[in-house]
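Numbering (the working numbering), first residue to last: 1252 to 1651.
In this text, a Cβ means the ideal position worked out from N, Cα and C, and glycines have one as well.
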Amino acid sequence: MALVGVSGRRAGCYCLRAVRSLPFCSPLQVPALQLHISKTAMGACQKDFESAVNQVKLLKKDPGNEVKLKLYALYKQATEGACNTPKPGLFDLINKAKWDAWNALGNLPKETARQNYVDLVSGLRSSSDSSSQVKPEADKKRAGYDTLVITSEDCITKIMLNRPAKKNALTTQMYREIMLALEAASKDDSTITVFTGNGDYYSSGNDLTNFTDIPPGGIEEKAKNSAILLRDFVDCFIDFPKPLVAVVNGPAVGISVTILGLFDLVYASDRATFHTPFSHLGQTPEGCSSYTFPKIMGPAKAVEMLIFGKKLTAGEAYAQGLVTEVFPDSTFQKEVWTRLKAYSKLPQNAMHISKQIIRNHEKEKLHAINAEESRILQERWLSDECMNAVMDFFSRKAKL
Ligand SMILES: CCCC/C=C/CC(=O)SCCNC(=O)CCNC(=O)[C@H](O)C(C)(C)COP(=O)(O)OP(=O)(O)OC[C@H]1O[C@@H](n2cnc3c(N)ncnc32)[C@H](O)[C@@H]1OP(=O)(O)O
1252 MALVGVSGRR AGCYCLRAVR SLPFCSPLQV PALQLHISKT AMGACQKDFE
1302 SAVNQVKLLK KDPGNEVKLK LYALYKQATE GACNTPKPGL FDLINKAKWD
1352 AWNALGNLPK ETARQNYVDL VSGLRSSSDS SSQVKPEADK KRAGYDTLVI
1402 TSEDCITKIM LNRPAKKNAL TTQMYREIML ALEAASKDDS TITVFTGNGD
1452 YYSSGNDLTN FTDIPPGGIE EKAKNSAILL RDFVDCFIDF PKPLVAVVNG
1502 PAVGISVTIL GLFDLVYASD RATFHTPFSH LGQTPEGCSS YTFPKIMGPA
1552 KAVEMLIFGK KLTAGEAYAQ GLVTEVFPDS TFQKEVWTRL KAYSKLPQNA
1602 MHISKQIIRN HEKEKLHAIN AEESRILQER WLSDECMNAV MDFFSRKAKL
């Protein structure tokens, strides 16, 4: 089984740009996914799986590169199991994107991968079938994401973190899906892109179970991979070309707070709090916050947050310039979305060019800071301080 005929373009956020250049030659086929069923793909839903593989070739509409990558990864997982090939080189963009997508599935069982593949194709078929009908300009949920709900309406693409039972803690898969979603949003018709959380939390930050899934190369390899993931993830925010808005519906922790310094608007419910307990976790700042926070709120207040882990209320975060505006929780959604819908009607090009003027001169510096923060964290994650903090969380001794 092979993915064939792919070609790449040069890129900064290389993983995602590689996805962009996955080819789609004919509107009636998915030639990048010329799949042959492997004999290893046995099991309860084998027939459904084979049928789904065939249906992919008959899709009327290009499902988009992120979905194609997802299909590729699920197919490989279903037929060969966990990613077992060496990681392609840094500049082998296409193969690295494919490898990353497959590797992100970790130890997902083959049967689950088969089922997920079947479900994904079924979703694609129904959206492909219905897209040939006349449709109102309706809210369209994007297929191909397990941890996010992505919709586009009124020229706004909304990326909603969707693990409410886990307080929207960010798993490895979620980081990858967010990067894919940002890449797609940078190219879609929307004017602005919005992040928010489903449920009572905006996000509880990095999912601490990310530290428990240790690869064969041991914890050093885990730390190295995590540092690369972190750097790539934050790079996508630094480079994002359209106005980026955070609709902070509830408490925010860790990396979900630090990257707010890279957003263009931050609207918060008065229920939201902002907490970066890095020292408590034996960790250090990321998301460029070691630079953006002192710049936004002054060094004294930044130190209180980033070194001493002071949790800010929404009102305090507003007073310190991290938040643009705070709304009462009871009217938060209504007020914010009314505002954003009005903003989204402003001339798109003017807004995007203004963002470039405001942000571009700092991009190089931000990338360097991101690389340095990620490098330092790679070491921190191997420290006793950090490992003990993670173990404390799982033994329920510690809570923020
Ligand atoms: C690769 C890139 C790395 C980037 C690094 C970033 C650094 C950071 O983001 S540091 C911040 C890490 N986050 C935390 O330390 C938060 C840990 N969570 C908590 O302290 C608490 O869960 C909470 C204060 C957020 C909420 O407490 P509450 O009592 O309301 O709810 P819980 O019962 O604790 O949570 C429900 C459910 O969700 C699980 N969960 C919540 N947050 C996380 C998390 N960050 N990682 C893993 N799991 C989390 C929690 O365990 C519960 O699960 P169960 O229902 O299965 O017990």
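Residue i CB to nearest heavy atom of ligand 1 below 8 Å
{"i": "PRO1528", "result": "yes"}
{"i": "GLU1537", "result": "yes"}
{"i": "LEU1481", "result": "yes"}
{"i": "PRO1545", "result": "no"}
{"i": "GLN1534", "result": "yes"}
{"i": "PHE1446", "result": "no"}
{"i": "LYS1417", "result": "yes"}
{"i": "TYR1452", "result": "yes"}
With 16 other Cβ atoms within 10 Å as the buried cut-off, status of residue i
{"i": "ILE1407", "result": "buried"}
{"i": "GLU1567", "result": "buried"}
{"i": "HIS1612", "result": "exposed"}
{"i": "THR1463", "result": "exposed"}
{"i": "PHE1484", "result": "buried"}
{"i": "LYS1409", "result": "buried"}
{"i": "THR1330", "result": "buried"}
{"i": "THR1422", "result": "buried"}
{"i": "GLY1501", "result": "buried"}
{"i": "PHE1645", "result": "exposed"}
{"i": "THR1589", "result": "exposed"}
Beta-carbon gap between residue i and residue j smaller than 9 Å
{"i": "ARG1393", "j": "ASP1299", "result": "no"}
{"i": "ASN1449", "j": "VAL1400", "result": "yes"}
{"i": "LEU1628", "j": "ILE1470", "result": "no"}
{"i": "VAL1496", "j": "LEU1480", "result": "no"}
{"i": "LEU1412", "j": "TYR1453", "result": "yes"}
{"i": "PRO1339", "j": "TRP1350", "result": "yes"}
{"i": "LEU1573", "j": "HIS1526", "result": "no"}
{"i": "VAL1445", "j": "VAL1498", "result": "yes"}
{"i": "GLY1538", "j": "PHE1488", "result": "yes"}
Which of helix, strand or coil DSSP assigns to residue i
{"i": "ASN1457", "result": "strand"}
{"i": "TYR1396", "result": "coil"}
{"i": "PHE1514", "result": "coil"}
{"i": "LEU1557", "result": "helix"}
{"i": "TRP1336", "result": "In the sequence as presented, Trp is not what sits at residue 1336; that position holds Thr. DSSP places THR1336 in coil when its eight states are reduced to three."}
{"i": "ASP1521", "result": "coil"}
{"i": "PRO1274", "result": "Note on PRO1274: pLDDT 28, under 50, position unreliable in the model; the coordinate value appears next. Note: PRO1274 maps to coil in three-state DSSP."}
{"i": "THR1575", "result": "coil"}
{"i": "GLU1404", "result": "strand"}
{"i": "ALA1503", "result": "strand"}
Near ligand 2: residue i beta-carbon under 8 Å from a heavy atom
{"i": "TYR1368", "result": "Ligand 2 is absent from the structure shown, which contains only ligand 1."}
Anticipated Cβ contact below 8 Å, residue i with residue j, distance rounded
{"i": "LEU1325", "j": "VAL1307", "result": "About 11 Å separates the two Cβ atoms, so there is no contact after all."}
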